[in-house]
Amino acid sequence: MMDLLLAKDMGFCFGVKRAIKLARDIRKKTEENVYTMGSLIHNPQVVEKLRGEGIVPVSDLSEADGGYVVIRSHGVSPEVRKDIKERGLKVIDATCPLVKRAQEKAMELVKDGYETFVVGERDHPEVEGIVGYTGGRVQVINVDDEVEIKEDGKVGLIAQTTQSMQSLEDAIIKLLPKTKELKVFNTICEVTDRRQEEVRRLAGMVDAMVVIGGKKSANTSRLAAISRNEGCMTHHIETVDELKEDWFEGRDRVGVVAGASTPYWVIDEVICKLNEIA
Ligand code: SF4
74 MMDLLLAKDM GFCFGVKRAI KLARDIRKKT EENVYTMGSL IHNPQVVEKL RGEGIVPVSD
134 LSEADGGYVV IRSHGVSPEV RKDIKERGLK VIDATCPLVK RAQEKAMELV KDGYETFVVG
194 ERDHPEVEGI VGYTGGRVQV INVDDEVEIK EDGKVGLIAQ TTQSMQSLED AIIKLLPKTK
254 ELKVFNTICE VTDRRQEEVR RLAGMVDAMV VIGGKKSANT SRLAAISRNE GCMTHHIETV
314 DELKEDWFEG RDRVGVVAGA STPYWVIDEV ICKLNEIA
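Oh and the sequence shown: position 89 is 162 in our numbering, straight run, nothing missing.
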């Protein structure tokens with residue numbers, strides 16, 4: 074007999090719910106094409122479902138043949154926004170308010186003369202958007218980077234919304250001794266922070282963890298990484314089909330967590346299957 078310990082908070086966060094609602098609302102209202110700039114969220118099952126409803130992801134704007142483009146919750150850079158408008162496409166902005174806040178705080182720091190750093194993943198669309206809004210005047214750093222301060226003045230710091238609090242704290246520890254003034258905005262999303270705390274707590278109580286969500290989802294991958302760092306045997310799956318019974322042989326307690334872009338139906342299927350195995 075195996076016990077299942079479910080995280081208190083799983084599945085879509087408010088930013089993802091809002092993005093999907095905005096896309097569906099415009100789909101209902103118009104006969105015109107509705108596109109999303111890249112995948113609306115980092116979950117292939119949801120993206121395919123939306124495609125079936127007529128909400129089509131495009132990787133390049135040249136693929137869009139008139140109509141609306143929904144900007145996803147991670148946001149886009151101002152150049153992409155300009156490109157959408159110049160092509161005569163209409164914008165539905167589903168950028169999460171917390172991502173917008175990170176963009177605004179980065180712009181504020183740069184405008185006020187701070188040499189600004191962003192803790193995050195350089196290639197992530199959210200970070201590309203933040204870099205774009207500051208005209209490329211922020212430096213992206215990650216946990217392992219050695220940080221060099223170029224100017225002997227004021228230093229500013231923000232984080233990608235899905236970073237761990239630990240990464241932001243590590244960056245503060247690196248930067249503070251190198252400058253006389255450090256201005257930090259905590260731009261980490263509280264949903265992300267809460268879920269990371271929860272996976273850390275669960276990892277200490279179970280002997281295996283199942284993390285459900287898109288393999289390209291930054292917040293889901295981070296949940297899996299935290300669980301592994303806590304020394305817990307961790308399986309990151311996208312759908313129920315990836316579950317293997319033999320992962321749980323000899324395991325008494327199994328934790329289940331899911332990312333902010335994981336739909337409830339995928340979570341339900343995994344929990345049902347785990348109950349059968351248990
Ligand atoms: S994880 Fe947080 S920042 Fe990202 S979309 Fe959801 S609420 Fe917004």
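Note that beta-carbon positions come from the ideal geometry of N, C-alpha and C, so glycine has one too.
Look at Tyr206 here: in three-state DSSP terms it is helix. Between Ala232 and Val89, the alpha-carbon positions lie close to 19 Å from each other. Measuring C-alpha to C-alpha distances from Arg274 to each of His308, Ile261 and Gly328 identifies Gly328 as the nearest. Contact between the region 171 to 182 and the region 109 to 123 is absent, with fewer than three C-beta pairs closer than 8 Å. Taking all protein chains shown into account, Ala351 has fewer than 16 neighbouring C-beta atoms within 10 Å of its C-beta and is therefore exposed. The chain-ordered list of residues whose CB is nearer than 7 Å to some heavy atom of the ligand SF4 reads Cys86, Phe87, Gly88, Val89, Ser146, Cys169, Leu171, Val172, Thr234, Thr235, Cys262, Val264, Thr265, Asn292 and Ala333. Around the CB of Val172, 16 or more other CB atoms lie within 10 Å, so the residue is classed as buried.
Your pair Arg174 and Thr235 does not check out as a contact, with CB atoms roughly 14 Å apart and the cut at 8 Å.
DSSP, read as helix, strand or coil, puts Ala137 in coil. Within the same chain, Met75, Asp280 and Ala281 come within 7 Å of Arg324 by CB-CB distance, once the 5 residues on both sides are set aside. In the three-state reduction of the DSSP assignment, Glu271 falls in the helix class. Per DSSP, reduced to three states, the secondary structure at Val119 is helical. Within the DSSP bridge table, the entry for Gln212 names Phe190 as partners.
Taking 8 Å as the cut-off, the beta carbon of Ala276 is found closer than this to the beta carbon of Ser300. Annotated as distal: Val284 and Thr265, with beta-carbon spacing of 8 Å or more. In the structure shown, Leu316 falls within a coil segment according to DSSP collapsed to helix, strand and coil.
DSSP places Ala281 within a strand segment (E or B) once states are collapsed to three. For Glu303, there is no enclosing alpha helix (DSSP H), as DSSP marks it with neither H nor E. Ser135 counts as exposed, since fewer than 16 other C-beta atoms from the protein chains shown sit within 10 angstroms of its C-beta. About 12 Å separates the Cβ atoms of Val129 and Ile99, ruling out a contact at the 8 Å cut-off. By DSSP's assignment, His197 forms no beta bridge with any residue. Around the beta carbon of Glu311, 16 or more other beta carbons sit within 10 angstroms, so the residue counts as buried. With 16 or more other CB atoms across the displayed protein chains lying within 10 angstroms of its CB, Glu201 is buried.
When rounded, the separation of the alpha-carbon atoms in Asn116 and Gly229 is 33 Å.
Shown here for Asp217: not one same chain residue has a beta carbon closer than 6 Å to its own, the five before and five after excluded.
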